[in-house]
Every structure is written in structure tokens, then in C-alpha cells.
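For the protein sequence lines, the chains are A and B, in the order given.
When we follow our numbering, the leftmost residue of the first sequence carries the number 1126, and every step to the right adds one.
When we follow our numbering, the leftmost residue of the second sequence carries the number 1086, and every step to the right adds one.
Cβ atoms here follow ideal geometry from the backbone N, Cα and C, with glycine treated the same way.
Here's the structure, in C-alpha cells; my notes come after.
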Amino acid sequence: MTPAPGTPGLAPPASPDAKKASARKNARAAARRGTPVWRRVLPPVIVLILIAAIWDLVVHLGHVQDYIFPSIENVFRSLFKNWSGILASATWVTFQEMLYGFLISITVAVVLSLAVHSSATLRGAIYPLLIGSQAVPIVVIGPILAIIFGYGISPKLIIVAISCFFPIVVNLVDGLGSVDPDLIKVMRTLDGSRLATLFRVEVPSALPSFFSGLRIAAVYAPIGAVFGEYAGSQNGLGYVLIQATPQLNTDLVFAAVLLLTVMSIILFALLSFLEKVCCPWAGKGRK
Amino acid sequence: MTSTAGSPAQEPEAGIRLEEVGRAFGPTVAVSGVSLTMPLHGHLSIIGPSGCGKSTLLNIISGLDDPDEGTVEVLGATTPDDRLRRCAWMPQRDLLLPWRDVLGNAALALENQGMHRKAARSQVTGLVKRFGLSSFERKLPHQLSGGMRQRVSFLRTLVAGKEVLLLDEPFGALDSITRADLQFWLRSALLEEPRTTVLVTHDVEEALLLGDEVVVMSARPGRVAARYATSFPAGASRRELLRLAEFTELRDELLARLEEAS
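Here's what the structure looks like:
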């Protein structure tokens, strides 16, 4: 079917191509060198310091009471004072709720997305329900879930999963469906079955958009966990918030919010890192 | 390459035959009353003004699409699924999988046919070398130039082991120097490889260089307006061919026909 090895006619002149490719490589390396770590870290750090400075300035100059709006020092003082007593275990509980709820959410979202993607009938049957699930106010179902499942972790997992899965499903379904139709045709002429096309073409090309969904969902996870704890709990950062607010323990409230924020950012950064590892090709060479 | 699953056993003279083929998309008639025959291992070029249904015709031959009227026969196969099994299709854009390296992209068809990833990769390694892509085996598509990507795409098409290659403006997206290189390279590759090829292009020189027969199609609805046989010396270089009197005469004739057709 193919000619014998060593046929001279087949090898095309590769040198201009090779030169172009290596020039591109150098340009990329230069681009990488051009943005060192400090250039990426410095701007957000400066912004944070500015915000903190304005915050403290307003509090000190305005003689604002601590229970109305605490100064940064007091928030951190409260954070360190209450860390071993309340905050460490509360953070751990909320972290678990966020993480497990998020993982459940991903599992459900992937199964639903594959179902919706693979059959138009299932799409018609499931999609309205998915959208409907987002219209249900979490504030309302939180207490109901607490009545059904008690004060344990399960109602929180359900709430986190409900708040997270929608952006994951929407982005994953979009990603699976946005493969170039010509590429699907190429796969058919290359003996690709429906399943081969799904796993060799559609799933990998949906990965970047899957990660976009995950990053959006990661922001909802702590909100879901706190709502779940508001509805009924014995520990967690939401529990700390609901205890500290009526006691006018505002510096503790801010300390708990700070911890929630840090967890969100860590989850978000972790997902961004995973995306870089999983899809090194993403965003490159697009025309 | 050893022949893999699905290599059809065909009668020697049976190539591609279209009879009174018509295809409409809603109110738009893309092609109408197209009859064509070509022998096994023939190289047919189809040129025509844009929108004349060239690509539709390729889709119909490949089995990706089925005509509304008329019959299509590819190496004895008439149903779309059987035609798909005999045809490989290569569009203008390379459409490589950006997460697969050169070897992985080239081995795609073998993996689809059930071969294990490693075996498939090692089987295409030799071909990758002969295609002038050695030392690029593990590069991702975005690390390659346009010409190299198109070569990988052609390699991927070839590895499928299909008897019929359908090329839809395969070099249309490349700069003229790379295009000229690859045209000549493909010409020598096809001289050595006994494949049946149908090439769609709007580049008259490309049609003449790569086809032993050239069909001119009229504007929509696409019909066969004229058909020419070419016979140029096989060993001639591109520049020698472009200087040949018979080449230039045929080129002018085809250009005139194209102007009439559009």
C-alpha cells in the first residue's frame, strides 16, 4: 500500500518548515521569560495592600466602632485568637462540605452532560429540569433538607452540589457540542465509531470549557456550604457566622469571611493549575 | 504499511461511478445530473467556480452524504456506510487534534480500527520519518508550521488504509511556496502509491499537476461542463511541467472554460 522504505521522492524539503517552527519556539520561550512570577503576583498584592490601607484609614480616622466595622488588625487578631478554639475546626468542616459537595456535583454533572449530549430525547427531557433546579431558592430548601437529613454533613453536600452543578453542566454540554463538524466527518471517514469520536475528539476538546465551568462552580461552593450551615448545623464557618453576628462579634465574622475567601481562591487556583496540566494545548495555535 | 481491517477486495476495473447524481439542500440545488466514471487508481481533479457543488460531490462519494437522485458506486459499494469504509476524506483545514502529538494524530485511524495505542504509534513511526517529519514526532500541532500540519493531516488520511482518497482543496490554506512544495510532493507520492484520488480545487495548475483527468463544473446547480485528459511526463519537475507547451495550452483552455462556467 505504501512504497518501500527509503524512497527518495517522498521526503519534502523540511528546512523552511523546521526553521519556522524553531523560531516560533524561541518566541514562546521569550514570552514565558517575559512574565516572571513577580510580575504576575505583584499587581494583585498592590491592590490588596491599597484596599487594606483605605479600609484601615477609614476605620481609624472615622473612629468606627469595632462591632460596626473592625480594623484589619482586629480581624487578624480575632483570627489568631479564635483559630485553635473555633475557626480551625469550623474551617475544616466547611472545607470538607465544599470539597465533597463539589466532587458529587462534578460526578452528577458529567453523567448528566454525557446523557444530554448523546441523545436529543434525553436533552429535551433533562434540560428543562436542570434549569428548573436553579430556580429553586436554596434559602427555602436548606431548612427542608435539614429537617429530612438532620444537622450532619449530607444536607450541606446536597446544597453545595445543587449550587455547583449547573455551570459545570452548561459549559460541558457546550464544549462537547462545539467540536468542528468537519472534524466529526473526518473521524467518520477514519473508521471512528460514535464512542471513539466521543472519547478521542469530543471529550478532550470539551476539557477547557469543562474547566471554565469548574472554576465558576468553585466560587459557588463556599456560598452553598454556608447556606447549608445557616439552615442547621453544629459546626462550620456558616455556623460561626450565624453565632457571631447577633453577638456583634464583627471581627470574628470578618475573620470567618476571610477564611471562606481564601478557600475559594485556593480552590480556584488549584483548578486553574489542573487545567494547565490537563490541557497544555489550550489557547495555542488558534487562528 | 500492512493492510488493516476493512481493505476491500475489488474487481480490477471498478473505480468510482456516478450516474445522474443530484442533491438539493432545501430549495438550493447543489448538484444536478452529474455523471462521472473513473478507473481504479485514477486521479481525477474537479475544478469549478465556488458554490458549484464540488464539496457536495466529494461528500456524496465518501458516503458522508447520500444523493437525492441517481446512484453512486465506489469500488462496488453503493450504500453510504460501505462507501465510508472505502473512502478517506481530507478537508482544506488540517483539523489535527491539538492534544495529540504528530505520532498520535497519524495513528488515529489505526486506534479507531481497534489497534492499541502503542502498537499504532510504532506502526506509523516509519511513515512519519518518510514524510520528512522525523524529530517532530512528539511535537503538538501548534508547534508545527502550516505545511507540516497539512502533511501530518495527509499522513493521517493515508494511514487509514483506504483505497480512495478524497481531497477537498487540501492546500488551499497554505502560502503559495508551501503549496507548490506540497503539490509536487503529493504528485510524486501518488505516482508511487496506487490509490484512487479525487481532488477538488479552484487552482487550475494544481488540478493539472495532480490529476490525470480534469473535470470542469458549471456554476450552481453544478453539472459537468467539460472533461480533459492530461498526460505529462511523470519524472518532470514542477518548473519543467509549468513550461511545457501542452501544459500551458491546457491551462489556458481550462481557465477559459472556468470563465464560461461561472
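Span separating the alpha-carbon of residue 1294/B from that of residue 1272/B: 7 Å
Below 8 Å on C-beta distance, what does residue 1307/A contact in chain B? Within chain B, the residues near residue 1307/A are 1176, 1178, 1180.
Neighbour flag for residue 1313/A against chain B, beta carbons, 8 Å: It does; some Cβ of chain B falls within 8 Å.
Under 9 Å from the C-beta of residue 1302/A: neighbouring residues of chain B: Within chain B, no residue comes near residue 1302/A; the closest Cβ sits about 17 Å away, beyond 9 Å.
With DSSP as the reference, identify every bridge partner of residue 1185/B, one or two as the case may be. Paired residues: none, contrary to the question.
For residue 1328/B and residue 1315/B, what's the separation of their Cα atoms in angstroms? Cα to Cα, the separation comes out at about 15 Å.
Return no unless some Cβ of chain B is closer than 8 Å to the Cβ of residue 1404/A. True, the Cβ-Cβ gap to chain B drops below 8 Å.
Along the chain, where does the beta strand (DSSP E) that runs through residue 1185/A open and close? Not the beta strand (DSSP E): residue 1185/A falls in the alpha helix (DSSP H), residues 1162-1186.
Please identify the residue among 1265/B, 1282/B, 1256/B, 1287/B whose C-alpha is closest to the C-alpha of residue 1179/B. 1256/B
Apart from the five residues on each side of it in sequence, which residues of its chain come closer than 6 Å, Cβ to Cβ, to residue 1165/B? 1148, 1151
Return the bridge partner residues of residue 1109/B from the DSSP annotation. 1114/B
Among 1196/A, 1314/A, 1335/A, which one has its Cα closest to the Cα of residue 1297/A? 1335/A
Alpha carbons only, please: which of 1115/B, 1104/B, 1137/B is nearest the one belonging to residue 1302/B? 1137/B
Are the beta-carbon atoms of residue 1280/B and residue 1248/B separated by less than 8 Å? yes
Residue-level contact to chain A via CB, residue 1197/B, 8 Å cutoff: yes
Taking CB distances under 8 Å as the criterion, tell me whether residue 1325/A reaches chain B. yes
Interface residues of the region 1140-1171 of chain B facing chain A [CB-CB below 7 Å]: Answer in chain order: 1147, 1149, 1169.
Using C-beta distances below 6 Å, list every residue in its chain close to residue 1288/A, excluding the 5 sequence neighbours before and after it, in chain order. 1345, 1349
Quick one: list the residues of chain B neighbouring residue 1329/A, beta-carbon separation under 9 Å, in chain order. 1182, 1183, 1184, 1185
Contact with chain B by residue 1271/A, beta-carbon distance below 8 Å: no
Once the 5 residues before and after residue 1283/B are set aside, which same chain residues still bring their CB inside 6 Å of it? 1129, 1251
Does the count of Cβ pairs from the region 1266-1281 of chain A and the region 1311-1324 of chain A closer than 8 Å reach three? Because the criterion of three Cβ pairs below 8 Å is not met, the region 1266-1281 of chain A and the region 1311-1324 of chain A do not touch.
Would you please verify whether the beta carbon of residue 1206/A is less than 8 Å from any beta carbon of chain B? no
Would you decide whether residue 1193/A is buried or exposed? Buried here means 16 or more other CB atoms lie within 10 Å of its CB. exposed
DSSP three-state label for residue 1304/A, please. coil
According to DSSP, residue 1307/B sits in a beta bridge with which residue or residues? 1116/B
Note down, in chain order, every chain B residue with its Cβ under 7 Å from the Cβ of residue 1317/A. Per Cβ cutoff of 7 Å: 1197.
Residue nearest to residue 1220/B in terms of C-alpha spacing, selected from 1231/B, 1188/B, 1181/B, 1146/B: It is 1188/B.
Should residue 1233/A and residue 1274/A be called a contact, given that it needs their Cβ atoms to be closer than 8 Å? no
Are the C-beta atoms of residue 1310/A and some chain B residue less than 8 Å apart? yes
Three-state secondary structure (DSSP) at residue 1331/B? helix
Closer than 8 Å, CB to CB, is residue 1245/B near chain A or not? Contacts with chain A at 8 Å (Cβ-Cβ) include residue 1245/B.
Sheet register partners of residue 1121/B (DSSP bridge): 1103/B
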